[in-house]
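Visitor:
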Amino acid sequence: MNKIHRFIKNNKRERYFGIAAMPTPNGDLHLGHIAGPFLKMDILKRFNKQLGNEIYIATGTDSYESHVIPEALRNSCTIEETCLTNKKCIQISLEKLSIDVDLFINPSDNKIKDDYTSFLVRMHTKLIKSNFTCKIEHLVPYNSNTKNYITGSSLIGKCPECNNNGSGYYCEVCGMDNPADTLKSSYDKYHPKDQLALVKTDDYYLILDKKHIIDSAKKKSLGRDTLRLAYKYILKNDYARLTELGSWGIKDATLNNEHVIYSYSSSYFYSLFLGELLKIEFSLEKNPFEHNSKFEIIFSFGFDNTIPLLIYPPMFSKILGEYKDYSHCLVNRFYHLNNSKFSTSRRNVIWARDCVETLGSSVDIIRLYLCHTCPDENTSTNFDENEFKCFSKNISIIFNKIYSFGEYNKNDADIPALDMYNYFFENYIDLSPGCLNLKKVADRVISLLNVINVNDRNQIIFLSAFIYPICPSFAQKLWTKLNLNGQPRYLDIKK
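According to full-length UniProt numbering, the sequence shown is numbered sequentially starting from 1.
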């Protein structure tokens with residue numbers, strides 16, 4: 001038995017439930033979305049399967065987020081139709097990039113809408129009845145011409161924290177929470193010339209246990225900037241929103257019909273609901289979020305969701321008692337295209353479903369480049385099309401050379417040694433949820449591609465298993481040519 005076999009055999013079997021941040025179904029996915037939460041979850045799943053671990057990945061559309069409203073208006077269809085159409089588009093895009101998700105739902109779909117609503121309302125009602133909530137009067141912009149409250153995506157203005165342009169609630173640039181009445185120079189996105197007035201309303205808020213939130217955040221292997229943002233928020237705030245004024249969403253029965261459950265606070269309940277569905281779909285003995293389930297929960301999200309995902313889950317877990325918080329939070333900054341933000345209006349975008357044709361490359365090479373250049377918790381990065389063309393050409397040449405291997409050299413003494421265990425173990429570290437580093441993993445793949453000996457069958461077997469999480473199609477192609485069954489795995493290495 002070689003060192004890799006021994007390591008895998010003796011390694012403790014883990015159970016993971018991974019959740020990728022729920023995309024708003026106001027359009028399809030572009031490569032910026034893929035390089036963020038989705039690709040890393042797929043790679044984690046493939047690698048952990050190779051180790052013999054149990055892992056499931058789930059997500060769904062954030063169908064009750066306010067950005068779906070203008071998309072429905074633009075297409076002259078209902079919000080439900082918009083969510084359904086874009087959910088299908090998003091699923092196709094994930095499949096195009098070989099991203100394997102076990103569960104993908106649309107909570108506004110009639111098939112599960114009642115179950116989802118009932119679950120969310122039940123959890124929300126438990127919160128409201130606890131000693132950790134209160135009703136607070138606050139100010140909201142109101143357009144007297146349209147008779148609408150202007151919140152969420154309808155409200156445009158400047159972030160009071162960093163002074164960048166944005167819309168209501170969370171700033172995409174600095175990540176801070178922006179209550180509607182605090183945005184500077186704000187206006188109605190759809191009626192920009194109308195004067196807005198500030199009117200009083202009541203909403204439910206969560207009373208924050210600041211020490212509990214900080215203690216929880218410290219356990220999640222988060223970077224300094226992420227922790228600093230959460231600390232900054234709780235230093236400024238004693239409360240966090242639970243409901244909001246809105247025409248679209250799940251109604252809060254304890255208030256009037258103008259109020260809905262705040263979509264950012266309810267993402268934890270969404271995760272719990274995914275756990276319930278997963279339990280049924282895969283005949284699990286418990287929801288992975290239950291305290292004694294032995295599952296570690298991984299949540300992958302963009303930096304602009306830091307505050308809601310570090311503030312609400314630990315508080316809700318504490319209040320409800322029966323469910324645990326996320327074990328690991330995988331955070332990424334933004335991914336740019338040719339040094340500018342991905343933008344559909346400025347046509348600075350590469351759609352995930354069209355990326356193979358647009359870039360003239362293969363899915364595996366695109367995945368490898370996305371990992372090689374992906375944003376991490378502290379740094380925004382860039383997809384450079386000219387750089388990618390050179391990268392794709394070089395990797396294609398290497399792939400073709402490796403795939404054309406023929407007769408193997410019978411004399412092992414003629415074959416330079418390859419420290420397979422070192423490659424494997426370094427990947428094991430960098431693909432651990434607590435210290436994930438896709439760039440290091442991608443660079444290690446590129447290094448191995450350049451040194452592999454195509455005359456050594458054992459090295460080709462190792463290469464197939466090693467690159468499989470990032471380049472699954474090419475790895476499987478090599479595996480099949482080697483006349484091996486199943487998916488690439490380390491246990492077929494002979495020495």
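All C-beta atoms in this analysis are idealised placements derived from N, C-alpha and C, irrespective of residue type, glycine included.
Would you kindly check if the distance between the Cβ of His124 and the Cβ of Trp351 is under 8 Å?
Guide: Going by C-beta atoms, Trp351 is not nearer than 8 Å to His124.
Visitor: Cβ of Tyr204 within 8 Å of Cβ of Lys135?
Guide: yes
Visitor: Taking C-alpha atoms, which residue in Ile397, Val441 and Leu448 lies nearest to Met420?
Guide: Leu448
Visitor: Measuring straight from C-alpha to C-alpha, what distance separates Glu464 and Leu491?
Guide: According to the sequence displayed, residue 464 carries Ser and not Glu. So the two alpha carbons sit approximately 12 Å from each other.
Visitor: For a cutoff of 8 Å on Cβ pairs, would you count Ser283 as touching chain D?
Guide: Any reference to chain D falls outside this structure, which holds one protein chain only.
Visitor: Straight-line CA distance for Asn287 to Leu272?
Guide: 8 Å
Visitor: Taking the alpha-carbon of His33 as reference, which of Lys477, Asn382 and Lys200 has the nearest alpha-carbon?
Guide: Asn382
Visitor: Just how far apart, CA to CA, sit Ser380 and Ile213?
Guide: 26 Å
Visitor: I'd like the list of long-range same chain contacts for Gly223, defined as Cβ closer than 6 Å, with 5 residues on each side in sequence excluded.
Guide: Glu377 and Asn378
Visitor: Closest to Pro23 by C-alpha separation, out of Gly302, Gln487 and Leu431, would be which residue?
Guide: Gly302
Visitor: Go ahead and pull the three-state DSSP assignment for Tyr468.
Guide: coil
Visitor: Quick check on Gly302: does DSSP put it in helix, strand or coil?
Guide: strand
Visitor: Do the segment 144–160 and the segment 243–256 meet, that is, are 3 or more Cβ pairs less than 8 Å apart?
Guide: yes
Visitor: Whose C-alpha, out of Arg74, Pro25 and Ala35, is nearest the C-alpha of Phe342?
Guide: Ala35
Visitor: Strictly by DSSP, which residues pair up with Lys87?
Guide: For Lys87, which the question treats as bridged, DSSP gives no partner whatsoever.
Visitor: Just to confirm the assignment, what range does the alpha helix (DSSP H) spanning Ser76 have?
Guide: Run containing Ser76: none; DSSP gives neither H nor E here.
Visitor: Looking at the structure shown, is Leu127 part of a helix, part of a strand, or coil, going by DSSP?
Guide: helix
Visitor: With distances taken from CA atoms, which of Val140, Ile311, Asp194 and Asn178 is nearest Ala217?
Guide: Ile311
Visitor: Helix, strand or coil for Asn348? Go by DSSP, reduced to three states.
Guide: The answer is strand: DSSP assigns Asn348 an E or B state.
Visitor: Relative to the C-alpha of Asn110, which residue among Leu120, Leu84 and Leu44 is closest?
Guide: Taking only the C-alpha atoms, the option nearest Asn110 is Leu84.
Visitor: Going by beta carbon distance, what residues of the same chain come within less than 6 Å of Ile365, once the five residues before and after it are set aside?
Guide: Ser392 and Ile395
Visitor: Below 8 Å on the Cβ atoms is my contact criterion, and I expect Ile307 with Ser327 to pass it. Report the Cβ-Cβ distance as a whole number of Å.
Guide: Ile307 to Ser327, Cβ: 19 Å. No contact.
Visitor: Would you identify the three-state DSSP class for Asn483, choosing helix, strand or coil?
Guide: coil
Visitor: Can you say whether Arg122 is buried or exposed, counting buried as having 16 or more other CB atoms within 10 angstroms of its CB?
Guide: exposed
Visitor: Starting from Asp443 and walking both ways along the alpha helix (DSSP H), at which residues does that stretch end?
Guide: Leu438 to Val451
Visitor: Hey, which unbroken runs of the beta strand (DSSP E) at 3 residues or more fall wholly within the segment 249–298?
Guide: 259–261
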